[in-house]
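Counting in this note's numbering, the sequence shown runs from 73 upward without gaps.
Glycine included, C-beta positions come from ideal geometry on N, C-alpha and C.
Since the model is a prediction, treat every value here as computed from it, not as a measurement.
To start, the structure itself, in structure tokens.
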Amino acid sequence: MNKSILCVILVLLSLMSFEQNQKVFPSFFQPDAWIAPPEANKIKNPFASDQKSINSGKIIYTTYCISCHGEEGKGDGAASLSIKNKPADHSGKKMQTQSDGAIFWKLTEGRPALDMISYKFVLSENERWDLVNYIRTLAAK
Ligand code: HEC
């Protein structure tokens with residue numbers, strides 16, 4: 073058999089098995105975990121988590137976030153059905169064990185390739201900290 077034909081067949085075979093693998097081992101093929109850079113943990117929350125900040129965070133969350141993250145932050149908003157990547161569960165341990173700075177950094181920078189928008193130019197810094205304070209109240213009890 074001609075060598076180049078053999079090459080083409082090998083490439084095709086490996087592509088087919090890649091697709092097969094994605095079905096058999098989906099978790100292995102999932103995108104990398106999203107981890108905020110270490111500097112983000114050093115950003116201090118300049119606002120006290122008082123009722124005023126939490127109330128304002130709730131209004132912003134309801135306006136901008138529940139379509140994907142859901143009313144209780146569980147990642148089950150209506151739009152979560154139509155996007156490829158599952159919105160994070162804000163009530164869970166994975167989220168709540170992150171520092172205020174890391175959460176602030178993530179919602180500021182976003183991860184557009186995986187459907188999480190950047191809110192850097194949409195919300196003021198103050199509004200983003202109100203969100204962090206509100207997100208803390210979503211922790212599963
Ligand atoms: C279009 C849908 C969508 C909207 C709207 C949205 N998000 Fe997200 N969000 C996502 C997705 C999808 C992820 C998961 C990204 C990943 O896994 O890499 C995510 C992840 C996050 C994370 C990281 C969670 C973790 O476990 O580390 C934070 C924080 C976050 N979102 C906050 C917000 C806030 C606050 C708002 C509103 C201002 C918002 N998001 C609006 C889709 C959305």
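Nearest residue (CA-CA) to residue i, options the options
i: His-162; options: Lys-156, Ile-155, Asp-172, Leu-153; result: Asp-172
i: Gly-158; options: Gln-170, Gly-142, Gln-168, Thr-169; result: Residue identity differs from the one stated: residue 158 is Lys in this sequence, not Gly. The option with the nearest alpha carbon to Lys-158 is Gly-142.
i: Asn-198; options: Ser-128, Lys-75, Ile-77, Pro-109; result: Ser-128
i: Arg-200; options: Asn-74, Tyr-136, Phe-176; result: Phe-176
i: Thr-169; options: Ala-108, Ser-86, Gly-147; result: Ala-108
Test item: CB-CB of residue i and residue j under 9 Å
i: Cys-140; j: Asp-202; result: no
i: Val-194; j: Asn-117; result: no
i: Ala-174; j: Ala-112; result: yes
i: Arg-208; j: Ser-121; result: yes
Exposure label - residue i; buried when at least 16 CB within 10 Å
i: Leu-210; result: buried
i: Lys-178; result: buried
i: Pro-98; result: The predicted position of Pro-98 is uncertain, since its pLDDT is 49 and thus under 50; a value taken from the coordinates is nonetheless stated next. It is exposed - the Cβ of Pro-98 has fewer than 16 other Cβ atoms within 10 Å.
i: Ser-125; result: buried
Identity of the residues DSSP links to residue i by a beta bridge
i: Arg-183; result: Met-188
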